[in-house]
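Under the numbering used here, think of the first position of the sequence shown as 297, with each following residue one higher. In this text, a Cβ means the ideal position worked out from N, Cα and C, and glycines have one as well.
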Amino acid sequence: MKAPWTRVFVPGVLLGVLAVVLAGCVARPAASNPEETAPPGGAGDYLFCFWNVENLFDDHDDHRRDPDKAYDEWFAEDEAARKLKYDHLAAVLAGLNNGRGPDIMAFAELETTERPLELLRDALNARLADKALHYTHFAWKDPHGGRTICTGVLTRLKLDADRTHLHGRRLRILEVHVEANGHDLVVIASHWTSRVSDKEGEGRDKYGDQVYGVYKAMYRANPNVDLLVCGDFNDPPDDDSVTAHLHAVGDLDRVRRSTADEPLLYNLMWPKLVALKANPQESRDFTHYHAGQKYIFDQIAVSPGMLDGQGWSCDPKSVEIVANERTTEKPPRIPFRIPWRFGNRKDTFPRGCSDHLPVTVRLRVAG
Numbered sequence: 297m298k299a300p301w302t303r304v305f306v307p308g309v310l311l312g313v314l315a316v317v318l319a320g321c322v323a324r325p326a327a328s329n330p331e332e333t334a335p336p337g338g339a340g341d342y343l344f345c346f347w348n349v350e351n352l353f354d355d356h357d358d359h360r361r362d363p364d365k366a367y368d369e370w371f372a373e374d375e376a377a378r379k380l381k382y383d384h385l386a387a388v389l390a391g392l393n394n395g396r397g398p399d400i401m402a403f404a405e406l407e408t409t410e411r412p413l414e415l416l417r418d419a420l421n422a423r424l425a426d427k428a429l430h431y432t433h434f435a436w437k438d439p440h441g442g443r444t445i446c447t448g449v450l451t452r453l454k455l456d457a458d459r460t461h462l463h464g465r466r467l468r469i470l471e472v473h474v475e476a477n478g479h480d481l482v483v484i485a486s487h488w489t490s491r492v493s494d495k496e497g498e499g500r501d502k503y504g505d506q507v508y509g510v511y512k513a514m515y516r517a518n519p520n521v522d523l524l525v526c527g528d529f530n531d532p533p534d535d536d537s538v539t540a541h542l543h544a545v546g547d548l549d550r551v552r553r554s555t556a557d558e559p560l561l562y563n564l565m566w567p568k569l570v571a572l573k574a575n576p577q578e579s580r581d582f583t584h585y586h587a588g589q590k591y592i593f594d595q596i597a598v599s600p601g602m603l604d605g606q607g608w609s610c611d612p613k614s615v616e617i618v619a620n621e622r623t624t625e626k627p628p629r630i631p632f633r634i635p636w637r638f639g640n641r642k643d644t645f646p647r648g649c650s651d652h653l654p655v656t657v658r659l660r661v662a663g
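See the structure below:
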């Protein structure tokens, strides 16, 4: 049985002046000389990033129902708050990858229109002087679920739009195909049910089963398929929803020995989980903080084909949790940094980015 969950936000106001510059969120200088950068799409290294961007709504009032109505109206009516949110996200993202920004990004908690991806694209491109690095392609689909939020992908690489689609009924499971140097990368971006609405976890088990079914069919058709599953799973890497339903494990040898009967995924966040459990008080190996507990909810898992050095591949040791955090200065003081969320319209604390931290991994495309 899963643990009950009640949403409680950590109190406390960060003292000092917030001037768009976030602690740990300052963007590094972007590439400025076009001759320094070759257009993306060939063999070489690429950075992938997943981030739950916490209620990223656009500049139109689409008359959403609760609980999204508040964010829909707020972002449509308050230009300053909306711009601050997008600027903070763009500052973090553009600062990654030596100031180039991630080459491929997947997001959760986007409003179900194309506008959040357009606005984020524009905010990022404004920070990148080198036009060869500008983001040009994005994908999203409306799952028509209980909330009006979805997952999406933004990239400077080519997407095969004809192969972009959702899986499951009313589920946030987006399949996207990214192309580079003639090689196909399957990205499945998902956002599993929260512990608020799904206390026992049956919904998250269903998500795991559905994503695994998609992967298993692809593996049986092509055992070398290059597939990456990412998302906010709302369960840690060792939960049954992830290990038994998604079949994402922390044993590289077992994954490499996958068979058509039970193809496995390697959960890149497993070493982070081991580190967190070894020193829960001091560890910064977590992506979400709730009610005094640290969690690794935001995860990336890959197929055996991503470990063979052919086509697309990844470096498992390159996985990082990106710091953009704050400490509380008023009691109850927290002796470590936590994700610096943007919050809602009523909040008065200095605003950060999101209540989740981004995770990244280095990918490579063979020549």
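For residue i: DSSP bridge partner residues
{"i": "Ile-400", "result": "Phe-344 and Thr-451"}
{"i": "Ala-435", "result": "Val-449"}
{"i": "Asn-563", "result": "Ala-597"}
{"i": "Ala-476", "result": "His-479"}
{"i": "Cys-526", "result": "Ala-485 and Ile-596"}
{"i": "Lys-379", "result": "Looking at the DSSP assignment, Lys-379 forms no beta bridge with any residue, so it has no partner."}
{"i": "Ala-544", "result": "Leu-561"}
{"i": "Lys-590", "result": "Tyr-585"}
{"i": "Val-551", "result": "Val-551 pairs with nothing; no bridge assigned."}
{"i": "Trp-608", "result": "Val-661"}
Proximity of residue i and residue j at Cβ, strictly below 8 Å
{"i": "Leu-385", "j": "Leu-416", "result": "yes"}
{"i": "Pro-691", "j": "Ile-617", "result": "A question about residue 691 goes unanswered here, because the residues of the chain that appear run from 297 up to 663."}
{"i": "Asp-611", "j": "Glu-350", "result": "no"}
{"i": "Arg-658", "j": "Leu-343", "result": "yes"}
{"i": "His-479", "j": "Gly-639", "result": "no"}
{"i": "Lys-454", "j": "Cys-446", "result": "no"}
{"i": "Arg-411", "j": "Asp-354", "result": "yes"}
{"i": "Glu-414", "j": "Leu-352", "result": "no"}
{"i": "Asn-477", "j": "Ala-404", "result": "no"}
{"i": "Asp-458", "j": "Arg-660", "result": "no"}
{"i": "His-461", "j": "Glu-475", "result": "no"}
{"i": "Pro-336", "j": "Thr-656", "result": "no"}
{"i": "Tyr-585", "j": "Pro-635", "result": "yes"}
{"i": "Val-482", "j": "Leu-524", "result": "yes"}
{"i": "Val-615", "j": "Leu-564", "result": "yes"}
{"i": "Gly-499", "j": "Val-538", "result": "no"}
{"i": "Arg-637", "j": "Gly-648", "result": "yes"}
{"i": "His-473", "j": "Arg-452", "result": "no"}
{"i": "Phe-346", "j": "Asp-594", "result": "yes"}
{"i": "Asp-368", "j": "Arg-378", "result": "no"}
Of the listed residues the options, nearest to residue i (C-alpha basis)
{"i": "Arg-553", "options": "Tyr-515, Val-483, Thr-444 and Val-615", "result": "Tyr-515"}
{"i": "Gly-442", "options": "Thr-460, Lys-365 and Ala-517", "result": "Lys-365"}
{"i": "Tyr-382", "options": "Ala-422, Asp-362, Gly-499 and Thr-408", "result": "Ala-422"}
{"i": "Gly-464", "options": "Val-474, Ile-484 and Ser-599", "result": "Ile-484"}
{"i": "Asp-426", "options": "Ile-400, Met-401, Gly-395 and Lys-590", "result": "Gly-395"}
{"i": "Asp-522", "options": "Pro-336, Gly-337 and Ser-599", "result": "Ser-599"}
{"i": "Ile-596", "options": "Lys-379, Pro-654 and Ala-574", "result": "Pro-654"}
{"i": "Asn-520", "options": "Gly-605, Arg-378 and Ala-587", "result": "Gly-605"}
{"i": "Thr-444", "options": "His-430, Arg-466, Leu-450 and Asp-456", "result": "Arg-466"}
{"i": "Lys-512", "options": "Lys-495, Arg-633, His-541 and Arg-500", "result": "His-541"}
{"i": "Arg-468", "options": "Phe-529, Arg-452 and Glu-496", "result": "Phe-529"}
{"i": "Lys-573", "options": "Gly-448, Asp-534 and Arg-633", "result": "Asp-534"}
{"i": "Thr-432", "options": "Ile-400, Thr-409 and His-440", "result": "Ile-400"}
{"i": "Asp-456", "options": "Pro-439, His-440 and Phe-434", "result": "Phe-434"}
{"i": "Gly-601", "options": "Thr-555, Thr-583, Ser-579 and Glu-578", "result": "Thr-555"}
{"i": "Ala-390", "options": "Gly-338, Ala-377, His-356 and Leu-450", "result": "Leu-450"}
{"i": "Leu-420", "options": "Leu-392, Thr-409, Pro-439 and His-440", "result": "Leu-392"}
Buried/exposed call for residue i, threshold 16 Cβ in 10 Å
{"i": "Trp-418", "result": "With the sequence shown as reference, residue 418 is identified as Asp, and Trp is not the correct amino acid for it. Counting Cβ neighbours within 10 Å, Asp-418 comes out exposed, since fewer than 16 surround it."}
{"i": "Ser-493", "result": "exposed"}
{"i": "Pro-576", "result": "exposed"}
{"i": "Gly-588", "result": "exposed"}
{"i": "Gly-663", "result": "exposed"}
{"i": "Arg-550", "result": "exposed"}
{"i": "Ala-387", "result": "buried"}
{"i": "Asp-581", "result": "buried"}
{"i": "Lys-568", "result": "buried"}
{"i": "Gly-527", "result": "buried"}
{"i": "Ala-517", "result": "exposed"}
{"i": "Asp-643", "result": "exposed"}
{"i": "Arg-324", "result": "Since pLDDT at Arg-324 reaches only 35, below the 50 mark, its modelled position is unreliable, and no value is offered."}
{"i": "Ala-339", "result": "exposed"}
{"i": "Ala-376", "result": "exposed"}
Assess, as a yes-or-no matter, whether the segment 557–574 is touched by the segment 530–545 under the definition of 3 or more beta carbon pairs within less than 8 Å.
yes
Using a Cβ distance threshold of 8 Å, determine whether the segment 483–491 contacts the segment 362–382, with at least three qualifying pairs required.
no
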